Structure formats: C-alpha cells, structure tokens
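Student: I'd like to ask you about the structure that follows.
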Amino acid sequence: MKLLRTFQFFVVVLMAVCFAGAIYTSTLIGQRQKLIQKSARYNIAWLAGQASVEVSRLTQAVAGFGVPGSDISRDDVQLKLDIVDNRLRLMNSGDFDAFVKADPERQVIVNDLGNVLSQVQGLLERSTDPKLPLHLMSMLEPLDKRLSRLASAANVYGGERVDADQHMLLELHWAFSTMIAGLVIGCIALMAIMLWNFRVLKRTNGELQVIAGSLEQTKIDLETANQGIQTANAELNLHNQILKMRDNEMRTQNVRFDAALNNMSHGLCMAGADSRLIVCNNQFRQLFNIDQETARPGTAIAALMVRMGVALKLGESGTMGLMREHDAIVSARTPAAFTRDCPDGRSIAVHHQPMVDGGWVATYEDITERRKAEEQISHMAHHDALTGLPNRAYFLKHLEEALAKMRRGESNCAVLCLDLDRFKAVNDTLGHPVGDLLLKQVSQRLQAAVQKEDVVARFGGDEFAILKNCAVEHDALAQLGQLLVKSISTPFMLDGHEVSVGTSVGIAIGFQDGTSSEQLLKNADLALYHSKSEGRGNYHFFEARMDAKMQARRLVEMDLRRALPGNELELHYQPQVNLASNRITGFESLIRWRHAEKGMISPVEFVPIAEEVGLIIPIGEWVLREACTAALNWPADVRVAVNLSPVQFRDRNLVNVVRNVLAKTGLQARRLELEITETALVQDMDVTVGILHQFRDLGVRISLDDFGTGYSSLSYLRSFPFDKIKIDKSFVRDSSTRPDCLAIVKSVASLGQSLGMTTTAEGVETEEQLNLIRQMGCTDVQGYYYSRPLPRPEAEALLGRFNGHPAAPAIVAA
Amino acid sequence: MRTLDRRKFSLGMMGLGTVGLAAPARAACLPTVGEKPVLTIDGKIDCVGPDGLAKFSLPMLEKIGMTSFATNTPWYSGPMTFEGIPMTALMALVGAKGAKLTAVALNDYTTEIPISDFAQYKPILALKRNGVYMPVKDKGPLFIVYPYDSDSELKSQKYYSRSAWQVARLTVS
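Take a look at the structure:
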C-alpha cells in the first residue's frame, strides 16, 4: 500500500514537473520569439549603411550646390540634411543606440556626426559665404570613412547577434527537446507505474476474487446456517407457542376447574394416601361450616372430621362413630354411597370414590330439600291437589292391600262410589272457584262420615270413592249410605252462597261383589249408576242384574246412535182439540223409535239415554224439522207442538236451530209450539228464561208442560209469560175420583184464563173426564179419548175427518 | 466615431469621385497654385494632371479627410498618435486601378505595398505626429504608418519595411 502511495506521489511529481517544464518552454519560446522579432525588426547594418549613403548624398548635394550653374538649391541641400538628420535620430535610439554604446569608438563617431550636422545646419541657414559648400564638404568628408567603419562594425555586430540568437535557439531547441524527452520519459514512467499498478491490481483482484469466492462460500454457509437457525428458531417458536398454548390451556383449565369445583352444588373433598387434604371446595366448607384456614390443603382429615361432627351436631360419640365409619370406608378401598340423616335435621348424601394413588375423593350433598321434595311429589302423586284426598291410583293401591287382606282372610272391605248431583249446575252458575270450595267441603264431610281406617278418595270431577276397611256388614253400609246421602244433601255455605247438591251412592261389598279391584270398582260404579237412574239422592247396593241392566242400556245407546241416520225414528202426532170450537187446533209431536229387530221402543226407554249421551240434540233438531215440515201440509189454523228436553236448553245453539228450521221449512213461527217441562226451568232458570224470550221474539209459542208435577209450578208461571199450560194427566186421571184434584184443575184453568193462557188437559180418556174438564174451564184437551198418537198419514186423515165434521167428535183410533 | 467619419468620407469621396468622373475630374487632382506639392502619384490612376501625374499639396491632402490613431512603433518609445489620410481614401480619390503600390522616399528608399493592405490593415499616410506636422528630419512630410498595435502580424519586419517615411512618390501598378 505504501509503495503504491509513493509511486502515486512520484507520478504526481513527474507530471507536475512536466507541466512546469512545458510552461517554461512556452515562455522561453515566447521570449525568444519576441527577441527575434525585436532583432529582426531593426537591421543595424542597414541603418549604418544607409547613414553612410545619405551622408554621401548630402556631400554630393553640397558639392553640386557649390558648382555654379547647377540646379541644386539650398533647399535641396536642406532636404538632404534633413534626411541625414532623421537618420541620425534613428541612430540615437533603439538597438542602434545600444550597439553604439557598446563601443566608445562608435559613440564618438555618432557624436561627431551629430556635431557636424548641427554645424552644417547652422551654417546652411546663416551663411552666405560662397565658399560655404567647400567648407561644408570638408566637414562632411571625413565622416564618410568613419561611417563605413561603423557600418562594418554594425555588420559584424549583426552577425554576432545572429550567432547569439542561433545559439540561443539551439539552446532552446535542446531545452525543448529535453523537456519533450523528459515528458516522454515521464509518460513512459507513468505507463510503467500504471502497468505495475495494473499488475498489482490484477494480483489484488485475483486475491480479491479468491476472497470473494471464499466470501461467497462463507455467504452460502452462513445462509445455510441462517436457514438452519431459522428453522430451529421456527421450531422453537412453535414449541414456544405450543407451550404457551398449553400454559394457557392449563391456566384456563385451572380456572375452569376452580370454577367447576366451586360452583358445584355438591361439596367435594379430596385427600391423599396420607390422609391429608388435597383440595376441597366452597360448598364442602359451607356444608360443614369449616373456615378456609382450617380447610387448607395438607390439613389432616381427622381435623376436618371433628369440625363436621360439630356442624352436624353429632356430639362426641357421634363424631367418634363417624370417624370410625370413615376409616372403614377408606381402608375398604371400594366406592361407597350412602345417605345420612343428621341430628341437625339435614340429610346428607355421600359418594365416596377411592383414587388409584391411594387417596380418595368424596362428594357431599345436602339432600334435605330433595327429600322433602320427593316426599311432596310422592304425596302429590298419590293425592288429589284440590282436596288433599288420595287419588284414584292411591286408592287402588289401598284397595289392593285390602283385597290381599281379604284373600288372606284377615278382614273384608267394601267400596262405595258416589258422585254429586247437580254439581255441574253449581259450577256453571257460580263459577269454578265456588265449585272447588264445594268439592273441598264435600270431601271434608265425607271424611267425617267414615273411620280412620277407611280411605276417602277423589276420582276426579265430582266423583268420589270410599274404601271401607271396617264395619263392612250390609246394614252398617246401608246406614253409611243413608248418612252420606243426608250429609251431602245438607246445604253448603260457599263464599256467601247457599248451595244444595245431592249425592248418589253405589255400594259394592268385597268378596261377594268382586274379588279383584277392577271388579269391585266396576260393580260399585254400576250400583252408583243405578242410584242415579233411580232418581238420584239415594244409595243402592250392587245387584247382579245391574250389570245386565247396564249392558242392556249400552245396547240401546248403540242402537239409538244408528236410529237417526237409519231412519228408525218417526214422529207420531196426538191431536189437541179445542173444547169451544171442537176442532183440532194442534198436534203434539211425539217421537217413536221403530227398532229394526225389537220393534217399537217407547220414548221412556230411550229418551233418557239420548239425553244422557247427548244424542238428544241431533234428535231434537230432527224432530223440529219433521214436525215443521208436516205442519206445512196442514191448514193454517192447526199448530204443531214439539217437546223440548231440558238437555236441549243447555245447548247454546238451540235458538239458532229453531230459527233455522223455521226459515228452512218456511213454517210460520206462530204455528210452532214448544213444550217445556218444569225440570228445564229448574236447571239454570235464568238461561232458560232467556232462551224462552228469544223464542218468543221469533214468534214461537211456549207451553208449560206437565204442570203441577214440579216444585213450584206457580212461580214458574211467574217467570215467563207462557202461552199455554198443560195440566198433567195425573190430575186429569184423578179428577173424577178426587175432588182436590178437580179443584186444582179448576183453579189452574181459571188461572190460565186470567193470565190469558190456554189450558190443555192431558190424558183425557173418558167422556166423564172430558165433561169434567170442560166444566172446570180448560180450553183444550188431549188424550186417548180423541186419539192416541198417530203416524202422520193417519193423523192427517183424522184431521181431515175431524175438522171436516165439527159436530161429530168420534174416537177413531184404538 | 473615427471609423464613421472615415466611412462617410470614403462615401463622400466616392461620390465626389463619381461626380468628379462626370464633371471634369482633373480639377481635384491638380495642386492649387501657390502650394508646393509634397506628393506625386502616378501609374494606373484616373485622376491625372496635364503632365499625366497627380500632385498633391499638404492642404489638398488634408482636404481629403484626416483620421488618426495611436500606436506603438519600433522608432519611438511609447505610443504615438499619427494623424493623416487613409490610404484607401487616397487610392479611391485618384482612382487607383492596380494591385501594387510602390512607395519611394526622399532618400530613394523604395518599398512595395499591396493595395489590398490598405483595406485590410487601414494604414494611413500620416502628416502629423502627436498633432505636429512631421519635418523631413523626423520622417516627414509623409509617413506611411500602420496601426501596429491593432494586429500583432503588423509587428514584423515585413510591415516595418512597408512603413516608408519621407514618402515623395507613389506609383500604382
């Protein structure tokens, strides 16, 4: 490196020297050039020569001037003198002067010339001497020679100068050449240095290449290494991430575990093989009232047991017992689960699970509430919610037990089934809350009627059942039945309302009326049904035939369902005759059932069944339509009367049905008469009366049927402005024999008269009765006397005949 | 300013020349009576007198139009102001038709000058040096002076030789 520096320095120096040399040479040349010019410019020899010549010419002029007869004037001479003067001036300046001064001899010559000239001048100007020219010539003559000498000297001088110049030029030439040479050498040196440099560079380059190569290699190695590191790094990162994730997971899990542990509903306690606590949760601590300090991990289990004992109020012996038990469980190394009812009132369920490492984990649950809940559920499962009485399922269970006892011969039992009469009415009129109250009070009364050993159950709705485990004899049961009927029929005070219901009871005695619970119950039920059909508010024992009866009834029901679509039903018409005009004023339509096999079945048989099963509604509608259609054929003054069942009044659609039938058939409303019994009014009087008013608004007539048979017939008359009263046939039948009946008939007739109602006496069979009725003042009669109910064709025929012959009433049909 | 004057003068002179051609031209070339001629021009010229020569006196020359410049010379130290007539003007006045001008001095010094020099270098025929008429003693009366300072080429023997002093005669050929 240093070498390079020195070389560089040398190169620079060399170049500077060359440059300087070049400049110097240039200046030298310039100088020389100037000098040459200067010297070339003035030829001293020529000047000297010319001086000599001009002086000669002057001399000639002077000579000529002196010669008489020449044409050279003074002026000419003056001219020539002037010319020489000029020449002299030139000789006194510039290089010539230098030349002259170089040699004193020359100076003398020049000076002399000057003197002479001035003398001549003076003389020429002033003198008029005729010998002047000669004088002048003598002055001028010596000059000639001397001037020649000067000229020669000048020539030599000139030559010397040229030599000197040539020499200088040669020197310059050499100097210049040297410079050039030096420059060339310098260039060569430079080139050499550069070549050397180049070599050095090449070598260096070579080395660099090698280094570069090795660097390249190193770079590759480094890259590989780097990649390796990166991969390793990436792996590490990955590991790190995984670890972090695991850590997080662990953390999360811990948190979750903690959360799970402490949000369990059960208390948890885990111990190691050394009988020291590993972990327990909040619930455990709370359950046994152990503080965090005592329940630190590492505490001996025994210490915890002591605290548990205190919390559960076990006492010292109890605690000892607990610890012994616990040790037994732990050493047994098997899972255990048990419930402990503690003196403090709580029930704790314990699950003990041994762990593989010798420790164990146990969960504790306070199941006190659950127990209570279970009991409650159990209770609810077995008892009716409203009354608290056992329900059907529970009752059956008791029944089974009782029957088992019966089979073992230990004791007998009896089943009573009862339901409330008119319960639905109460519910509908006073609402369900009152209905519920009623049921509660009924259940109380029932319970009061029986012994402790007996079971009173509610089967649902208004159905109850009693299982008698004692006093199962017939008479005792009869007495009980009586008592029940009486008790329930006593009015109840419900929320300020006085409510009267009744009960029907069915009794079945074990063994004789059934050996299985199903059988016994069924028979008790049949007995109940019988009671109901026997008018309600009574009790009946099961009789074998009830069963049969039940079956028969079922059959009827089934047939009846087919009757209407099967066209087995027909209407018969019984005429109603007006006494005054002795004309048939109307027909009462009565339903008849012509059974395909059994023949005619009386309405008494099937109407109650129809009412009970709800068939009465469609049948009733059919009856209305039939009746109205038939009446269309009859003269305008003949009405048709249709009986309405109380059950039909419960149908909310009843008025619409009547309206539709009238509209469809086109029958005038006033030709339709609807007959209702007092029974219909008894049940839901307000609703019924409302319906009646709606009928009235339609224009339909309303008759009060079977008058006198109900409770408060007169008050019914008050309830609604009926169009007709139909006196029950019982009164008519007994009118001939019993004067009180007659009196009643009379008063009713007059009542009807006063109220503007038609009175029809039903069931007139004899002429005597007829006359009596007529006497009493009834307006119309109906009965076998005139005709029994006839099928439509016969009825219409009768109508034709009867009304055609007003004067001759005759019994036509038998 | 000087150049402008010179140009004007040249133009004027040319105009005069043409007028001179139309009118009798000889009048301008003849010396006025009583004035001593200092310069004689002969050769291929238009303007000649009765003896076939053009003669000029100093005032005549001065009338042509003076110009001046200052320059260094080898004969004097320091710059000198020479005043005279431009050679081009003189040539134009006489209607010189040649390419060469031969100048002969009072001392019979002879030199040849190409006429192209006049336009190129603008030498003058000087009458005055530093405002004073030059006597014969001092290179007078007429001195052909080049403006040596204006061109380095002029500073050579060639042009110094052409700078004839004590000019008496010009011959155009």
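Protein chains in written order, with my numbering: chain A, 467 to 1280; chain B, 224 to 396. Even glycine gets a Cβ: it sits at the ideal position worked out from N, Cα and C. Bear in mind that the values here come from a model prediction, so they are computed numbers and not experimental data.
Name the chain B residues that come within less than 9 Å of I510(A), Cβ to Cβ?
Tutor: Within 9 Å Cβ-Cβ: nothing; I510(A) doesn't reach chain B, min ~12 Å.
Student: For the putative contact between G487(A) and G648(A), defined by C-beta atoms under 8 Å, what is the C-beta separation to the nearest angstrom?
Tutor: Correct: roughly 6 Å between the Cβ atoms.
Student: Please report the straight-line C-alpha distance between L1236(A) and Y1251(A), rounded to a whole angstrom.
Tutor: Cα-Cα distance, rounded: 8 Å.
Student: Taking the Cβ atom as the reference point for each residue, do S953(A) and A923(A) lie within a distance shorter than 7 Å?
Tutor: Not a contact, by the Cβ cut-off of 7 Å.
Student: Output yes if chain A places a C-beta closer than 7 Å to the C-beta of N353(B); else output no.
Tutor: With 7 Å as the cut-off, N353(B) does not count as an interface residue toward chain A.
Student: Give the interface partners of V359(B) over in chain E, defined as CB-CB distance under 7 Å, in chain order.
Tutor: Of the protein chains in the structure, A and B, none is chain E.
Student: On a CA-only basis, which of G580(A), L869(A), D563(A), D537(A) is nearest D548(A)? Give me that one, please.
Tutor: The shortest Cα separation from D548(A) among G580(A), L869(A), D563(A), D537(A) belongs to G580(A).
Student: DSSP has P309(B) in a bridge; who is on the other side?
Tutor: In DSSP, P309(B) forms a bridge with I347(B).
Student: Output yes if chain A places a C-beta closer than 7 Å to the C-beta of K381(B); else output no.
Tutor: No, no contact with chain A.
Student: Just mark R572(A) as buried or exposed, buried being the case when its beta carbon has 16 or more other beta carbons within 10 Å.
Tutor: It is buried - the Cβ of R572(A) has at least 16 other Cβ atoms within 10 Å.
Student: Can you have a look at Y1039(A) and say buried or exposed, based on whether 16 or more other CB atoms are within 10 angstroms of its CB?
Tutor: Buried: at least 16 other Cβ atoms inside 10 Å.
Student: Mind checking who D687(A) pairs with in its DSSP beta bridge?
Tutor: According to DSSP, D687(A) bridges with nothing at all.
Student: Give a yes or no on whether 7 Å exceeds the smallest Cβ distance from R507(A) to chain B.
Tutor: The predicted position of R507(A) is uncertain, since its pLDDT is 49 and thus under 50; no value can be drawn from it.
Student: Would you kindly work out how many angstroms separate the C-alpha atoms of N707(A) and T718(A), rounded to a whole number?
Tutor: Here residue 707(A) turns out to be Gln, not Asn, going by the sequence shown. Cα to Cα, the separation comes out at about 16 Å.
Student: Looking at L1170(A) and A1135(A), is the spacing between their C-beta atoms short of 7 Å?
Tutor: Not in contact: A1135(A) and L1170(A) (Cβ atoms no closer than 7 Å).
Student: Could you pull out every residue in the same chain whose Cβ sits closer than 6 Å to the Cβ of C1244(A), ignoring the five residues on either side in sequence?
Tutor: Excluding positions up to five away in sequence, the list reads A1215, T1225, A1227.
Student: DSSP on A248(B), reduced to helix/strand/coil?
Tutor: Any reading at A248(B) needs caution, since the residue's pLDDT is 45, under 50, leaving its predicted position unreliable; the model's value is listed next. The answer is coil: DSSP assigns A248(B) none of H, G, I, E or B.
Student: With a threshold of 7 Å between beta-carbons, can L350(B) be considered close to chain A, or not?
Tutor: No, no contact with chain A.
Student: Closest to L609(A) by C-alpha separation, out of L788(A), S518(A), E715(A), L1120(A), would be which residue?
Tutor: It is S518(A).
Student: I'd like to know whether the C-beta atoms of P346(B) and Y369(B) end up nearer to each other than 7 Å.
Tutor: Yes, these two residues count as a Cβ contact at 7 Å.
Student: Looking at the C-beta of E520(A), does it have a partner C-beta in chain B at a distance below 7 Å?
Tutor: So yes, E520(A) belongs to the interface.
Student: Identify each residue in the stretch 588 to 605 of chain A for which the Cβ-Cβ distance to at least one residue of chain B is less than 9 Å, and report them in chain order.
Tutor: Cβ contacts with chain B come from no residue of the stretch 588 to 605 of chain A.
Student: Would you say L276(B) faces chain A, with C-beta separation under 7 Å as the test?
Tutor: Answer no: the Cβ-Cβ gap between L276(B) and chain A never drops below 7 Å.
Student: What's the call for P820(A), buried or exposed, on a 16-neighbour Cβ count within 10 Å?
Tutor: Buried: at least 16 other Cβ atoms inside 10 Å.
Student: Is it buried or exposed, T829(A), if we count other Cβ atoms within 10 angstroms and call 16 or more buried?
Tutor: When all chains shown are included, T829(A) counts as buried.
Student: Evaluate G781(A) with the Cβ neighbour count: other Cβ atoms within 10 Å of its Cβ, from every protein chain shown; 16 or more gives buried, anything less gives exposed.
Tutor: With fewer than 16 other Cβ atoms within 10 Å, it is exposed.
Student: For C1207(A), report the span of its alpha helix (DSSP H) as first-last.
Tutor: Element bounds for C1207(A): 1205 to 1221.
Student: Chain B partners of R555(A), CB-CB under 9 Å?
Tutor: Simply W298, K360, D361, K362.
Student: I'd like the list of long-range same chain contacts for Q389(B), defined as Cβ closer than 8 Å, with 5 residues on each side in sequence excluded.
Tutor: Closer than 8 Å at Cβ, skipping near neighbours: A328, L329, N330, Y332, V359, K362, G363, P364, L365, F366.
Student: Do you know how far the Cα of V721(A) is from the Cα of D832(A)?
Tutor: Near 25 Å, if we compare the C-alpha coordinates of V721(A) and D832(A).
Student: So what's S783(A) in DSSP terms, helix, strand or just coil?
Tutor: S783(A): helix per DSSP, three-state reduction.
Student: For R507(A), does the three-state DSSP call read helix, strand or coil?
Tutor: Bear in mind that a pLDDT of 49 at R507(A), under 50, signals an unreliable position, so the model cannot answer this.
Student: In angstroms with no decimal places, state the Cα-to-Cα distance between Y371(B) and R471(A).
Tutor: Cα to Cα, the separation comes out at about 54 Å.
Student: Could you confirm whether any beta carbon from chain A is found closer than 7 Å to the beta carbon of N295(B)?
Tutor: No, its Cβ sits nowhere closer than 7 Å to a Cβ of chain A.
Student: Here's the rule: buried if 16 or more other CB atoms are within 10 angstroms of the residue's CB, otherwise exposed. What is Y356(B)?
Tutor: Exposed is the call here.
Student: Examine chain A for any beta-carbon lying closer than 7 Å to the beta-carbon of L377(B), and answer yes or no.
Tutor: It does not: the Cβ of L377(B) has no partner Cβ on chain A nearer than 7 Å.
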